[in-house]
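One structure is given here, and the rest of the page talks about it.
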Amino acid sequence: MVQSSRQIELCMQILNIDSAIRFAGRIKDRKLISFARRAHATPLLEEELSNMAHYQASIKASWEDMFNDALGKTNWMITSKEKVKLITLFLDDGLLIISTEPTSNHDTIIKNIQSLNIKL
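Start counting the sequence shown at 45; every next residue gets the next number (this note's numbering).
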């Protein structure tokens, strides 16, 4: 995967928001187009399962679209597991996926990401 420097910079900026953030990535057209991982965060999934997790986030997001007319646009989703929290933020042109430590304050992390003065 070839990543643009702007997209890598965005992912790094997100990592710097909170030390509990392990991974930040951008998904567009159901494909991971850029990502950054905290230096000392050991991946919890091997590469094939990691790719499947990214694809699963895309599929879950596409299911949300069917409820938009009745409930409004989805802003974000969270999955809390024993070893990690998985946060998906919905963007105009794709998804921002984040994994954090399970004890992270996801509300604060999401608010800080939403307050960034950059175009996601």
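Note that CB positions come from ideal geometry on N, CA and C, so glycine has one too.
Of the candidates 76, 86, 124 and 95, the residue whose Cα lies closest to the Cα of residue 139 is 76. Between the C-alpha atoms of residue 93 and residue 116 there is a straight-line separation of about 31 Å. Its Cα nearest to that of residue 126, the residue 143 stands out among 136, 52, 143 and 105. Among the bridge pairs identified by DSSP, residue 121 is matched with 132.
Straight-line measurement puts the Cα of residue 132 at about 10 Å from the Cα of residue 118. Assigned with DSSP and collapsed to three states, residue 88 falls in coil, not helix or strand. About 6 Å separates the beta carbons of residue 141 and residue 71, which is inside the 8 Å limit, making them a contact pair.
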